[in-house]
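All remarks here apply to the structure that follows.
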Amino acid sequence: MKTFLFYDVETSGLNPAFDQILTFAGIRTDLELNEIKRQTITIGLRKDIVPSTQAFLTHGLTFDELSLGINEYKAALKIHKILNTPNTISLGYNSLGFDDDFLRFLFYRNLLDPYSHQYANGCSRMDILPFTVLFRVFHPHILNWPQIDGKPSLKLDLISRENNFVTTGRAHEALNDVEAVIELSKKMFQQKDIWNYCLDFFNKTRDEVRINNIDKKLDIQNTRFRICLMVSSSFGSKVNYMAPVIHLGESLPYKNQSLWLRLDSNDILGLNTDLDIKDTFVIRKRAADALIVLPALERFWDKLPKESRNMARENMEKLLIQKERFFKFIQYHIGYKYPFIPNMDPDAALYQDGFFSFQEKKEINLFH
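In this note's numbering, the protein residues as written are 26 to 393.
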């Protein structure tokens, strides 16, 4: 049976390579969001960690509490087992942007597979923050939305307070935040059709199929391109968390990455500032990540601010004129490889070292 594992972590700082998880909390539910089991794990502070004062001011953990925690290796084994329970869908609030990265480095540092909870034994992962953004933009009536200085906020503790979610602890306490995420999910789950539509964005195959089914309508020098809308909390409330984008193609060295260019930029292709193409920027999306791609249908397009819509039209005209630079831009970014960093600290080498080899996996199994 598929289950959700709602989880949250509190950490010693913001760097997943050089900070550590201090508390892990998880609540397992069925797919109807009925609770099955809850677990919390406290981890003692490692001797090589210099904790951030800001982190401790935020989560409020004390050194006395941490002194009762288990060591990181034992915690890594426990958490890895929890997330890799067959048919587990692990999810949180901004979990793909923060928590999951900490889990990967935790597992990697302790010689556990950093990725198996994403794909093995029927396991996968999701993130409730993109759900929340979609509901905020297209179905805002389901919640009361907090504001800070007159601007919308997606902060979980403020959403929880604004909607009187029932939780048992203080804000930014791991278990309390998990309870708040489940309460938020229950609100969105009431709109089952939309909830199920959102679920498919975190299925790699369905996410890719949705994008591939979007018509290529912009013709530039006999090559057709998809014009889409991308939804992400990172774009901010000023643009209603959305950006018009053009799909440039797929990365050659990294088969899991598709490349996108924002069309609401005031310096598209670096034309206004005469930027070298090497200094320009594209969005790199992976299937089933936290970047949501929608077709540029009128009912979606109209949710963009007028300024964004106008800028997108102007920039599409610029691309038609600046064809040569546009295709050089695509060629550079499609072929781009991340630079190799020599003498990298082993704790930070997760992404540079790549997946464990078959031989490494054998040796790792002997270690455990």
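Just so it is clear, CB atoms sit at the ideal spot from N, CA and C, and this is done for glycine as well.
Next on the checklist: With the cut-off set at 9 Å, would you say L121 and L168 are in Cβ contact?
Outcome noted: Contact: no.
Item to check | Candidates L136, H84, C223 and F127: closest to L316 by CA position | outcome: Sorting L136, H84, C223 and F127 by C-alpha distance to the C-alpha of L316 places C223 at the top.
Next on the checklist: Can you find the residues in the same chain that come closer than 6 Å, C-beta to C-beta, to P111, ignoring five residues on each side of it along the sequence?
Outcome noted: Same-chain partners within the cutoff: N146 and G147.
Checklist entry - By how many angstroms is the C-alpha of K280 removed from the C-alpha of T157? => result In this structure, the CA atom of T157 is about 29 Å from the CA atom of K280.
Next on the checklist: Below 8 Å, how does it come out for the stretch 296-314 and the stretch 205-223: are there three or more Cβ pairs, yes or no?
Outcome noted: The answer is no - the stretch 205-223 does not touch the stretch 296-314, with fewer than three Cβ pairs under 8 Å.
Item to check | Contact under 9 Å by Cβ, P41 with R150 | outcome: Cβ distance not < 9 Å, so P41 and R150 don't count as in contact.
Item to check | Residue closest to L344, alpha-carbon to alpha-carbon, out of E57, W326 and D289 | outcome: Minimum Cα distance to L344 is reached at D289.
Checklist entry - The beta strand (DSSP E) with T248 in it runs from where to where? => result T248 to F250 is the span of the beta strand (DSSP E), which, as asked, contains T248.
Item to check | Three-state secondary structure assigned by DSSP to V75 | outcome: Reduced to three states, the DSSP call for V75 is coil.
Item to check | Secondary structure of S258, DSSP reduced to three states | outcome: Helix.
Item to check | Ordered list of beta strand (DSSP E) runs contained in the stretch 279-320, each at least 3 residues | outcome: List check, beta strand (DSSP E) in window: 282-287, 308-311 and 317-320.
Checklist entry - Whose C-alpha, out of D174, K176, G175 and G194, is nearest the C-alpha of D182? => result When only C-alpha atoms are compared, the closest one is G194.
Checklist entry - How many angstroms separate the CA atom of S259 from the CA atom of L391? => result In this structure, the straight-line span from the alpha carbon of S259 to that of L391 is close to 42 Å.
Next on the checklist: Once the 5 residues before and after N291 are set aside, which same chain residues still bring their CB inside 8 Å of it?
Outcome noted: Exclusion of the five residues before and after N291 leaves N297 and M336 as the residues of its chain whose Cβ lies within less than 8 Å of its Cβ.
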